[in-house]
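Under this note's numbering, the final residue of the sequence shown carries the number 285; numbering is consecutive throughout. Yeah, the Cβ is synthetic: ideal placement off N, Cα and C, and Gly gets one too. Worksheet for the structure shown next.
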Amino acid sequence: MTVRFMGDTPYAALEIEMQRPPGFRPRQSGMIVSRIPCDAQGWGCRLCASKSRKNKASEVVNGHNCPREGRVAGCVPFSELIGLFTTEVGTKPFVARVTRLSGEPPYFFFVAGHRERFDSLWPKRCSVVDEDAMCAALYLLSADCFLWGRSAAAVQPDMIRFKEIGIHGVDLGGYVLFHTARDLYQGTKHISLSELTDPELVSDETFRLLIAAFLIRRYGADVLEEERSWR
55 MTVRFMGDTP
65 YAALEIEMQR
75 PPGFRPRQSG
85 MIVSRIPCDA
95 QGWGCRLCAS
105 KSRKNKASEV
115 VNGHNCPREG
125 RVAGCVPFSE
135 LIGLFTTEVG
145 TKPFVARVTR
155 LSGEPPYFFF
165 VAGHRERFDS
175 LWPKRCSVVD
185 EDAMCAALYL
195 LSADCFLWGR
205 SAAAVQPDMI
215 RFKEIGIHGV
225 DLGGYVLFHT
235 ARDLYQGTKH
245 ISLSELTDPE
255 LVSDETFRLL
265 IAAFLIRRYG
275 ADVLEEERSW
285 R
């Protein structure tokens, strides 16, 4: 916590400015994502709203408000996960496109060879700082066969070296997958939300892959393990 010495003096505002990091810019808007680690035992899934189907996610479990992340512990249908995510995004064109495609089979690995490419490296990870970010990025990079050929050598057990990935020759879909993977991994913004909602730039297949990656990044890599239960 920052200590203030001049809070009751005319120099209070100056002190605040002096204590800010160089180049600091206050956030104007945005969403804070809470990453609360949890599991089925720790949050008492027998009491979870997703088990009872009668209560909201705010139900108190073991003295805590059950976080949305806790509802992914093996008991949340894909449709409900999509609903939570679109509610958080809230942008109408984006939500409309997600809704239009929500009738498609909710499988993460619907592209031929995708699961095999992903599984060839994901189990080998170790000492990863942010597993969810790496999982989401690896999921997208391995979705396209040509892009994967350019990316596989840059995927290390503990990181993805995006600077070593050459994307010359990839098609538009591969281009979107690559830059979105980098955005999810590095926290950058190369692809805008308006671009994602444009069907001329992002095909339905690519859009489904992006949504799956967003769910992995937002709710955790464990959502992949629940795919079989959603079939």
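Span of the alpha helix (DSSP H) around residue i
i    : result
P147 : 146-155
Q210 : Element bounds for Q210: n/a, residue is neither H nor E.
A235 : 226-240
E254 : Unbroken run through E254: none, as it is neither H nor E.
L194 : 185-195
S170 : Note on identity: in this sequence residue 170 is Glu, with Ser being the wrong assignment. Note, E170: alpha helix (DSSP H), 168-173.
T202 : Sequence check: residue 202 is Trp here, not Thr. Start and end: 199-205.
S248 : 247-250
Span separating the alpha-carbon of residue i from that of residue j
i    : j    : result
V165 : H222 : 22 Å
K243 : D237 : 5 Å
I219 : L135 : 32 Å
A197 : L263 : 8 Å
V153 : C199 : For clarity, residue 153 is Thr in the given sequence; the question names Val instead. Straight-line Cα distance between these residues: approximately 28 Å.
D276 : E249 : 28 Å
E185 : G274 : 8 Å
D258 : L155 : 8 Å
I70  : T63  : 12 Å
A267 : A150 : 18 Å
Q210 : T234 : 19 Å
V143 : I214 : 27 Å
Supposed close pair residue i, residue j - CB separation, criterion 8 Å
i    : j    : result
L195 : L138 : About 26 Å separates the two Cβ atoms, so there is no contact after all.
F148 : L247 : 6 Å
A187 : Y229 : A187 to Y229, Cβ: 20 Å. No contact.
S181 : D225 : Incorrect: roughly 34 Å between the Cβ atoms, too far for contact.
Below-8 Å beta-carbon distance, residue i vs any chain D residue
i    : result
R236 : Considering every chain present, this structure includes no chain D. It has just one protein chain.
| query | Is the stretch 192-206 touching the stretch 160-176, taking contact as three or more C-beta pairs under 8 Å? | reply | The stretch 192-206 vs the stretch 160-176: in contact.
| request: Decide yes or no for the touch test of the stretch 177-191 against the stretch 242-257: beta carbon pairs closer than 8 Å, at least 3 of them. | output: No, they do not touch.
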